[in-house]
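Notes for the one structure printed next.
Residue numbers (my numbering), protein chains in the order written: chain A, 7 to 120; chain B, 23 to 135.
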């Protein structure tokens, strides 16, 4: 049981390049999330998916797109990377069956855009 | 929108107690959480408290909730060097689609030997 996995762990992009961050969970959770973490700002929600087939914008969705490929996988795409998107990206999952609504986090992807 | 605030930094000596504070604005918060992030890692849930509770104790951790003042604290007894990390307070109101959390900016705890 690996929990939440993310690839890649590190990535450097040039301005204007595109890339997709991958996330998968093996806990059969319904909900999945993408956050970005910037120094002193905590985690900010980019997009989330409450269930397979649905996605919704979070606090900071501009410049990103997501795909909930199936129940396990939730990808985040940067179509045209900008230096402002330099950040650490975390994927998380949760299941409303657990009343505490705990979210389980992946190890993160550190992205640098030059 | 909802807001969660924390102080940025706390330094304590090994063996002392640490108290990390958090304030929030959402009066409909249902659950409040403390997450721990060690260097280079994701967040790991330490403990949580339901909003109708005042206190929750779990081994060295004590969570106090003052719902009237919207104030949450995490006390770590007998703090060890392994407790050095960033601690995030978060809240949810539990009935929104996707169970979204709002996080504070994190408190960096440094434990000196």
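Even glycine gets a Cβ: it sits at the ideal position worked out from N, Cα and C.
Item                                                                                                                                                                                    : Value
For chain A, is any of its Cβ atoms less than 8 Å away from the one on residue 96 of chain B?                                                                                           : no
Would you give the residue range spanned by the beta strand (DSSP E) that residue 75 of chain B belongs to?                                                                             : Counting along the chain, residue 75 of chain B falls outside any beta strand (DSSP E), and DSSP gives it neither H nor E.
Since residue 114 of chain B sits in a beta bridge, which residues does DSSP pair it with?                                                                                              : B:53
Quick one: Cα of residue 30 of chain B to Cα of residue 97 of chain B, how far?                                                                                                         : 16 Å
Tell me whether residue 119 of chain B is buried or exposed, calling it buried when 16 or more other Cβ atoms sit within 10 Å of its Cβ.                                                : Any reading at residue 119 of chain B needs caution, since the residue's pLDDT is 49, under 50, leaving its predicted position unreliable; the model's value is listed next. Result: exposed.
Helix, strand or coil: how does DSSP classify residue 57 of chain A here?                                                                                                               : coil
What residues from chain B crowd round residue 108 of chain A, counting only those whose CB sits closer than 8 Å?                                                                       : 55, 67 and 70
I want to see whether chain A comes within less than 8 Å of residue 107 of chain B, judged by CB atoms only; does it?                                                                   : no
Could you tell me if residue 47 of chain B is buried or exposed, where buried requires 16 or more neighbouring beta carbons within 10 angstroms of its beta carbon?                     : exposed
For the stretch 71-79 of chain B against the stretch 42-56 of chain B, are there 3 or more C-beta pairs whose distance is under 8 Å?                                                    : yes
For the stretch 71-98 of chain A, which residues have a CB atom closer than 9 Å to at least one CB atom of chain B, in sequence order?                                                  : 96, 97 and 98
Quick one: what does DSSP say residue 103 of chain B is sitting in, helix, strand or coil?                                                                                              : helix
Between the Cα of residue 53 of chain A and the Cα atoms of A:47, A:45 and A:69, which residue gives the shortest distance?                                                             : A:69
Taking Cβ-Cβ distances shorter than 8 Å, what residues in chain A pair up with residue 122 of chain B?                                                                                  : 39, 51, 54 and 64
Is residue 119 of chain B helix, strand or coil by DSSP?                                                                                                                                : For residue 119 of chain B, the predicted structure reports a pLDDT of 49, less than 50, and the residue's modelled location is therefore unreliable. A value from the coordinates is still provided. Coil at residue 119 of chain B, not helix or strand.
For residue 35 of chain A, count neighbouring C-beta atoms within 10 Å of its own C-beta (all shown protein chains included) and say buried if the count is 16 or more, exposed if not. : buried
Within 10 Å of its beta-carbon, does residue 22 of chain A have 16 or more other beta-carbons around it, so buried, or fewer, so exposed?                                               : exposed
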